[in-house]
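Colleague: In our numbering, the protein residues as written are 17 to 131. Note that beta-carbon positions come from the ideal geometry of N, C-alpha and C, so glycine has one too.
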Amino acid sequence: GNSRTTLIGTVSPASSACEDSLATLRFCESVKQVKTRYALPGSTQQDVVSELQDEVRRLELELVRARSGHAVVEQQLGEAQELVEHYKVNWERAMHPSYVSETDSIAKPRSEEED
């Protein structure tokens, strides 16, 4: 390959560290015997294409789920707005019993029609 591996071993001149220095030198000598081999990745072009196709399918499914979730949120927002308008009209009626407005013709929200 085009890479190099380097090992630096440090030794001490002190006589009390003689055994440690010898052990370091022996280890450095044994490392010189190690042979490394390079290995190419095991994936082929077909494997990469297959993985990418799987990723595309997963992302398409996620997109479909996100779009359907958006429609549900919009529906819930519409229902909530209907409820707000209904309660607003009822509040105005309660605060001003003689008040009659154009909003009297607003249909009741679905949740109250079902009750």
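Within its chain, find whatever has a CB closer than 6 Å to the CB of A123; leave out the 5 residues flanking it on each side and keep chain order.
Modeller: Any reading at A123 must be qualified, since the residue scores a pLDDT of 49, below 50, and its modelled position is unreliable; the value itself is stated next. Closer than 6 Å at the Cβ level, and outside the excluded window around A123, lies no residue.
Colleague: Return helix, strand or coil for R73, following the three-state DSSP convention.
Modeller: DSSP places R73 in helix when its eight states are reduced to three.
Colleague: Does DSSP classify G25 as helix, strand or coil?
Modeller: G25 falls in the coil class under three-state DSSP.
Colleague: State the Cα-Cα distance for the pair T52 and T40, rounded to the nearest angstrom.
Modeller: T52 and T40: Cα-Cα distance of roughly 21 Å.
Colleague: Can you give me the Cβ contacts of L23 inside the same chain, cut-off strictly under 8 Å, excluding the 5 residues immediately before and after it?
Modeller: These residues qualify, in order along the chain: C44 and V47.
Colleague: Could you check what DSSP says for H102 in three-state terms: helix, strand or coil?
Modeller: Looking at H102 - three-state DSSP - the assignment turns out to be helix.
Colleague: Rounding to the nearest angstrom, what Cα-Cα distance links E90 and E76 in this structure?
Modeller: C-alpha separation (whole angstroms): 21 Å.
Colleague: Using the beta-carbon count (16 or more within 10 Å), is Q92 buried or exposed?
Modeller: Counting Cβ neighbours within 10 Å, Q92 comes out exposed, since fewer than 16 surround it.
Colleague: Helix, strand or coil, according to DSSP, for K5 in the structure here?
Modeller: Any answer about residue 5 is impossible in this case: the structure gives the chain only from 17 up to 131.
Colleague: DSSP three-state label for R53, please.
Modeller: Note: R53 maps to coil in three-state DSSP.
Colleague: In whole angstroms, what is the alpha-carbon distance linking N106 and V72?
Modeller: Approximately 51 Å, taken between the alpha carbons.
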